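Peer 1: Chains as they are written, first to last, in the numbering used here: chain A, 1 to 651; chain B, 1001 to 1197; chain C, 2001 to 2157. Glycine included, every Cβ here is placed at the ideal spot set by N, Cα and C. Please read these numbers as outputs of a predicted model, since none were measured by experiment. Okay, handing you the structure first.
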Amino acid sequence: MIPELGHFSLIIAFAIAILLSVVPLIGAAKNDAAIMAFARPAALAQLLFVGLAYAALTHAFIVHDFSVLYVSRHSNLVQPLLYRISGVWGSHEGSLLLWSLILCLWTTAVAVYSRSLPEVLVARVLAVMGMISVGFLAFMLFTSNPFERLFPAPADGNALNPLLQDPGLAIHPPMLYMGYVGFSVAFAFAIAALLGGKLDATWARWSRPWTTIAWSFLTIGIALGSWWAYNELGWGGWWFWDPVENASFMPWLVGTALIHSLASTEKRGVFKSWTVLLAILAFSMSLLGTFIVRSGVLVSVHAFATDPARGVFILIFLCLVVGGSLALYAWRGEAVSKHGRFDWFSRETALVFNNVILLTAAVAVFVGTLYPLVLDAFSLGKISVGRPYFDSMFALVSVPLLILLGIGPFVRWKGDDPARVAKQLRFIFLIALALGAVIPFVFEGNLPIATALGVAAAIWVALGTFYGLYLRWRSGARMPLSFLGMTLAHLGIACFVLGVTFVMSYSTEKDLRMEPGSSYTVAGYEFVFLGTHQVQGPNYVADEGMLELRKDGELIGELAPQKRRYSGQNNDMTEASIDDGLFRDLYAAMGEPLGGGAWSLRLYYKPMIRWIWLGCIFMGLGGLLAVSDRRYRLRVKMAQTSATITPVANH
Amino acid sequence: MSEPAPNPAKKSAWRAYLPLIIFGLFAVVLIITMVRINTGDLNIRDVPSPFIGRSVPDFKLPLLDGSGVLTQETFKGKITLLNVWASWCYACRQEHEAIKWLASKGVRVLGFNYKDEVKDAQAWLQQLGNPYAQVVSDLDGRVGIEWGVYGAPETFVIDSKGIIRDKRIGPVDEAYIEKTLTPLLEKLHAEMEAPTT
Amino acid sequence: MKNIAYLFCSMLLLATQAIADPTVTFRFNSDEEEALFFKLSNELRCLVCQNQSIADSNAGLAKDLRTEMYEMLQAGKTEDEIIDFMVKRYGDYVLYRPPFKPATLLLWFGPVLVFAIAVFFAIRFIREQKKANVDVEISKDDIERLRELQAQGRDLK
């Protein structure tokens, strides 16, 4: 009964979404306030019904309703509650429902927090978001119904993929989707602006907080995925350049370019047309990611098991949305008003090159991910593009980007004196170079160029960021949250680069056969293998290895890696054990039993790996901090109190 | 990047269409891919063999019944199918009917028992029937590596000169026999009978 | 008598040897060789579990290929020879580092090309906008903001 109610709710939501896409646009075209006023309540109603549908599916999971096909495929009787709740988004159909729900949440948020915006703009923005909603709801209703029934209902279901039974992974999709879907807001604003024919700096000001929030969530979502992979997959890796990972990285790169471009457009009125294009591009990348993951065109461990028929639907949707918006851009995009001037050496120029580099990076990821597909499609051969390609491309791209990151914040808008900036930064530059040479040498006694460059770049950015903070404080100027947010985010990049440099240069891995009682030393840490014993989990049985960690003979920790067999599964899952620390991780994973109590084990030493995710957290927090800036709250208050301020012309 | 230049209207208008054009090209590629996957023309998991058009690798393997060894010489003068199978391979059971059918039509099929136990392999053939002219045994899979085998079942089509002309990844089924194998075998027979040029 | 003593002593000796030292799965002649083994096994794709390298994969074929590679390294083969071996049998698909051939030129040089084109357009844009009109239009919104800021007495930097 409840699943049917859920299904019915979804149908109602679909109808509302269709109305939401059409009615406010009519109202905007006629400048009829009454018709446009349909938008906000419609957005709320849509949220209500999609929310009900989502609740129905969650309910089915919680009460073990195996007559719902989706539940029977991804849950069983011994599944812990947390993973019954997170199992809702564990596969294709349910994750689409989550996508829709989050889209409704964002739509409602825009509907609620847009009182100070012109009605025509809001109407158009909500209509565009409604159109996207129509697409996803249609996708579910016509090809991927989460409420499909299974008769006769089995007594027990299939467990959720054990790899997904992890708290980190439970929250990773919602974070990611908050990001992907959040970019639809900037997209909607861009389309609304194009439809209205007026592209000015105010458009950028309105889009900016929404975009920054989405970007922050995407950053955290990607970081969670990486952290989960490291903890769960047992190979000590934190990024594999897998097509689905790349599918999340491309929107992130374009999104980063977008938030910087929005800043320029808002502050100086420059790059208006380009920023609109970026907004379209960022969301297009989100949709492309959806396509890659669900269409079955690329081989990936993350890809949802799905049939190509669904891929056709997404492809059509992708072509309509992206093609349509780019066509609109081509037609209307040049209706731009005048812009400010800036000199060769200026913050604007720095941001132009920020965009150039980030877009190049996005292109590199795009080309690398899709090239095999292109060759295959035209029967030109079958190749693989993996880590070596992407690492090389990123090594090339990060050098100019990081150098720019250190300089950019010090250069004034409109025009600055290179000599002045050079004078401010020369000491930092020298210190960074020096430490870049010294630190690797001290750490390991040698000086590989790549490591030195990485360390130098990270320190360059960090010192520059701190110095900028210090200068601002000393000058007595206010420290708005937007500035602090930017500082934190840039610091996050420095941490990230430092972590990556160390892990790539200095991690050690050993693949060993160990008998109980034996020990092996990796990077000065002694791993003592004591043997294994059996443990029972809520829905699995495991062989747990017992290891002691010693440094200079002293016991500093213990590791308990497991080889788990989940009930209802035939394969064994590796659960690595990690002794984590701010400056190093010690990691052990069980391999195979070799008889006589001996096991093959993998032991890893990973220096500074936590700094990678720390950097990402800083970036995400920085974004959220920047959005909490007073001026965004002030704007709402101003609109409410002031009667003298006339809205911007409604076209 | 699309800001108005001194002569705004024409130049920028052209440039504004660039993203749409690039996307259009990309969409075409995606459409071709989807169409080909949906019609079964393209399987993204198939790894095409670099052996097509090359001679069979040199090898020496014992026969399953222990009565001797086989080398690459066995392919000279006859058109042969080499069918890679194992008793642990589920799909091999499914395709076995097709293999038996081919053998009954006079196609010479050699069995390549891949990473299996001799006893299990022999029992399997006892149970399901043995259509193979001969069966070689590659216990550790090393020779399989020489052939670029990466799973079972796989089937190679080899002409009378010992050149590999096709490789089937996955079970031999009706569609493959009808669309690819039969025409190919006819062609190879014609080549064999034609006076050498 | 002597024999029994001898037997006893050798058994005692064996008892103290009971726990063997951990053995690396493969024993290498040098650090460089070990590094090369890890490098190659990370750069070769497993065809069975196509999402993993043969270093990470547990598939039978991956283990066989690692053993094969180990033996080749012991036999003194170079990196190129090993890659060649793999490609001859499995095609380019097995390489995570795509080869340099006409078909992949666009892959390797594409991003660099895009970068060059982007830089070219960026420079041209900056130059053009410098020459363009200095007509900066202030919208009503900006005037409102200016008043806001002045009301707060904020630093206008």
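Let me make sure I understand the geometry here. Which of A:Met619, A:Phe583, A:Met590, A:Cys616 has the alpha-carbon closest to that of A:Pro607?
Peer 2: The residue labelled residue 607 of chain A in the question sits at position 607 within the first sequence. Of A:Met619, A:Phe583, A:Met590, A:Cys616, the residue nearest in Cα terms is A:Phe583.
Peer 1: Starting from C:Lys2088, find everything on chain B with Cβ-Cβ shorter than 7 Å and list it in chain order.
Peer 2: Reading the third sequence from its first residue, position 88 is the one you call residue 2088 of chain C. In chain order: Pro1050.
Peer 1: Between B:Val1084 and chain A, is any beta-carbon pair separated by less than 7 Å?
Peer 2: Working through the second sequence from its first residue, we reach residue 1084 of chain B at position 84. Answer no: the Cβ-Cβ gap between B:Val1084 and chain A never drops below 7 Å.
Peer 1: Comparing alpha-carbon positions, which option in A:Val293, A:Gly237, A:Ala190 lies nearest A:Val500?
Peer 2: To locate residue 500 of chain A, count along the first sequence from 1; it is residue 500. Of the listed residues, the one whose Cα sits closest to A:Val500 is A:Gly237.
Peer 1: State the Cα-Cα distance for the pair C:Val2094 and C:Leu2044, rounded to the nearest angstrom.
Peer 2: In the third sequence, the residue the question calls residue 2094 of chain C occupies position 94. In the third sequence, the residue the question calls residue 2044 of chain C occupies position 44. So the alpha carbons of these two residues sit roughly 6 Å apart.
Peer 1: Roughly how many angstroms lie between the CA atoms of A:Met175 and A:Leu614, to the nearest whole one?
Peer 2: In the first sequence, residue 175 of chain A corresponds to position 175, counting from 1. In the first sequence, residue 614 of chain A corresponds to position 614, counting from 1. Their backbone Cα atoms lie some 17 Å apart in a straight line.
Peer 1: Check whether chain C comes within 7 Å of A:Lys606, counting only Cβ atoms and requiring the distance to be less than that.
Peer 2: Numbered from 1 along the first sequence, position 606 holds the residue referred to as residue 606 of chain A. So, not an interface residue.
Peer 1: What are the complete alpha helix (DSSP H) segments, minimum 4 residues, inside the stretch 1124-1159 of chain B?
Peer 2: The qualifying runs are 1142-1146.
Peer 1: Assign A:Leu471 to buried or exposed, taking buried as 16 or more other Cβ atoms, counted over all protein chains shown, within 10 Å of its Cβ.
Peer 2: As a working note, residue 471 of chain A is residue 471 in the first sequence. By the Cβ neighbour-count rule, A:Leu471 is exposed, with fewer than 16 other Cβ atoms within 10 Å of its own.
Peer 1: Run through the DSSP bridge pairs and tell me what A:His533 is partnered with.
Peer 2: The residue labelled residue 533 of chain A in the question sits at position 533 within the first sequence. According to DSSP, A:His533 bridges with A:Glu544.
Peer 1: Looking only at C-alpha atoms, which of A:Ile439, A:Leu453, A:Leu447, A:His490 sits nearest to A:Leu463?
Peer 2: The residue you call residue 463 of chain A lines up with position 463 of the first sequence. Ranking the options by Cα distance to A:Leu463, first place goes to A:His490.
Peer 1: In chain C, which residues lie with their C-beta within 7 Å of the C-beta of B:Gly1111?
Peer 2: Counting from one through the second sequence, the residue named residue 1111 of chain B turns up at place 111. Within chain C, no residue comes near B:Gly1111; the closest Cβ sits about 19 Å away, beyond 7 Å.
Peer 1: Does B:Met1192 have its Cβ less than 7 Å from a Cβ in chain A?
Peer 2: For the purposes of this step, residue 1192 of chain B is identified with residue 192 of the second sequence, where counting begins at 1. Chain A, which has no Cβ nearer than 7 Å to the Cβ of B:Met1192, makes this no.
Peer 1: For the beta strand (DSSP E) that contains A:Trp599, what are its first and last residues?
Peer 2: Working through the first sequence from its first residue, we reach residue 599 of chain A at position 599. Per DSSP, A:Trp599 belongs to the beta strand (DSSP E) from 598-607.
Peer 1: Can the beta-carbon of A:Val185 be found less than 7 Å from the beta-carbon of A:Trp99?
Peer 2: One-based indexing of the first sequence puts residue 185 of chain A at position 185. One-based indexing of the first sequence puts residue 99 of chain A at position 99. No; because the gap between Cβ atoms is not below 7 Å, this pair is not in contact.
Peer 1: By the 9 Å beta-carbon criterion, what residues does the stretch 1091-1122 of chain B contribute toward chain C?
Peer 2: Within the stretch 1091-1122 of chain B, the residues whose Cβ lies closer than 9 Å to some Cβ of chain C are Lys1115, listed in chain order.
Peer 1: Between A:Ala13 and A:Arg478, what straight-line distance do the alpha-carbon atoms span, to the nearest angstrom?
Peer 2: Position 13 of the first sequence, counted from the start, is the residue given in the question as residue 13 of chain A. Position 478 of the first sequence, counted from the start, is the residue given in the question as residue 478 of chain A. Straight-line Cα distance between these residues: approximately 47 Å.
Peer 1: On a Cα-Cα basis, can you pick out the residue from A:Pro538, A:Lys382, A:Phe502, A:Leu586 that is closest to A:Tyr520?
Peer 2: Sequence index remark: in the first sequence, residue 520 of chain A carries index 520 (1-based). Measuring from the Cα of A:Tyr520, the nearest candidate turns out to be A:Leu586.
Peer 1: According to DSSP, is C:Gln2052 part of a helix, a strand, or is it coil?
Peer 2: Position 52 of the third sequence, counted from the first residue, corresponds to residue 2052 of chain C. In the structure shown, C:Gln2052 sits in coil (DSSP, three-state: anything other than H, G, I, E or B).
Peer 1: Going by DSSP in three states, A:Arg610 sits in which element: helix, strand or coil?
Peer 2: Numbered from its first residue, the first sequence carries residue 610 of chain A at position 610. Here A:Arg610 sits in helix by DSSP.
Peer 1: Determine which residues share a DSSP beta bridge with B:Asn1083 and list them.
Peer 2: Position 83 of the second sequence holds residue 1083 of chain B. Checking the DSSP bridge columns, you'll see B:Asn1083 partnered with B:Gly1111, B:Thr1155.
Peer 1: Of all the CB atoms in chain B, is at least one closer than 7 Å to the CB of C:Tyr2093?
Peer 2: For this step, residue 2093 of chain C is matched to residue 93 along the third sequence. Yes, its Cβ sits closer than 7 Å to a Cβ of chain B.
Peer 1: 7 Å is my cut-off, CB to CB: does C:Asp2056 come that close to chain B?
Peer 2: In the third sequence, the residue the question calls residue 2056 of chain C occupies position 56. It does not: the Cβ of C:Asp2056 has no partner Cβ on chain B nearer than 7 Å.
Peer 1: Can you tell which of A:Leu624, A:Val374, A:Arg630 has the C-alpha that lies nearest to the C-alpha of A:Phe217?
Peer 2: In the first sequence, counting from the first residue as 1, residue 217 of chain A sits at position 217. For A:Phe217, the nearest C-alpha among the options comes from A:Leu624.
Peer 1: With a CB to CB cut of under 6 Å and the five nearest residues on each side skipped, what residues in its chain are close to A:Asp60?
Peer 2: Counting from 1 along the first sequence, the entry for residue 60 of chain A is found at position 60. A small fix is needed here, since residue 60 of chain A is Ala in this sequence, not Asp. Pro3, Val68, Val71, listed in sequence order.
Peer 1: What in chain B is Cβ-close to C:Glu2068, meaning under 7 Å?
Peer 2: Taking the first residue of the third sequence as 1, we reach residue 2068 of chain C at position 68. Ordered by position in chain B, the residues that pass the 7 Å Cβ test against C:Glu2068 are Ile1145.
Peer 1: Sorry if obvious, but does the Cβ on B:Thr1182 come closer than 6 Å to a heavy atom of the ligand ZN?
Peer 2: The model on display carries no ligand, and the ligand ZN is accordingly not part of it.
Peer 1: Report the residues of the stretch 349-383 of chain A with a CB closer than 7 Å to any CB of chain B, ordered along the chain.
Peer 2: Leu373, Val374, Asp376, Ala377, Lys382
Peer 1: Which residues does DSSP pair with A:Ser519 in a beta bridge?
Peer 2: If you number the first sequence from 1, residue 519 of chain A lands on position 519. Beta-bridge pairing links A:Ser519 to A:Val528.
Peer 1: Are the C-beta atoms of B:Ala1027 and some chain A residue less than 7 Å apart?
Peer 2: On the second sequence, residue 1027 of chain B is found 27 positions in, with the first residue counted as 1. By this cut-off, B:Ala1027 is an interface position.
Peer 1: How long is the line joining the alpha carbons of A:Leu121 and C:Phe2038, rounded to whole angstroms?
Peer 2: As a working note, residue 121 of chain A is residue 121 in the first sequence. As a working note, residue 2038 of chain C is residue 38 in the third sequence. When rounded, the distance between both Cα atoms is 57 Å.
Peer 1: Determine the closest residue to B:Glu1117 out of B:Thr1182, B:Ser1137, B:Gly1106, with distance taken between C-alpha atoms.
Peer 2: The count along the second sequence starts at 1 and reaches residue 1117 of chain B at position 117. Considering only B:Thr1182, B:Ser1137, B:Gly1106, the residue with the shortest C-alpha distance to B:Glu1117 is B:Ser1137.
Peer 1: If I follow the unbroken alpha helix (DSSP H) through C:Thr2127, where does it start and stop?
Peer 2: As a first step, residue 2127 of chain C is located in the third sequence; it is residue number 127 there, counting from the start. Here residue 2127 of chain C is Arg; the residue named in the question, Thr, does not match the sequence. Segment 2105-2131, the alpha helix (DSSP H) holding C:Arg2127.
Peer 1: What does DSSP give as the partner residue(s) for A:Gly595 in the beta ladder?
Peer 2: Counting from one through the first sequence, the residue named residue 595 of chain A turns up at place 595. BP columns for A:Gly595 point to A:Ala598.
Peer 1: Of all Cβ atoms in chain A, is any one closer than 7 Å to the Cβ of B:Ala1016?
Peer 2: Counting from one through the second sequence, the residue named residue 1016 of chain B turns up at place 16. Chain A contact via Cβ: present.
Peer 1: Can you tell me whether B:Leu1070 is helix, strand or coil according to DSSP?
Peer 2: For this step, residue 1070 of chain B is matched to residue 70 along the second sequence. Collapsing the DSSP output to three states places B:Leu1070 in a strand.
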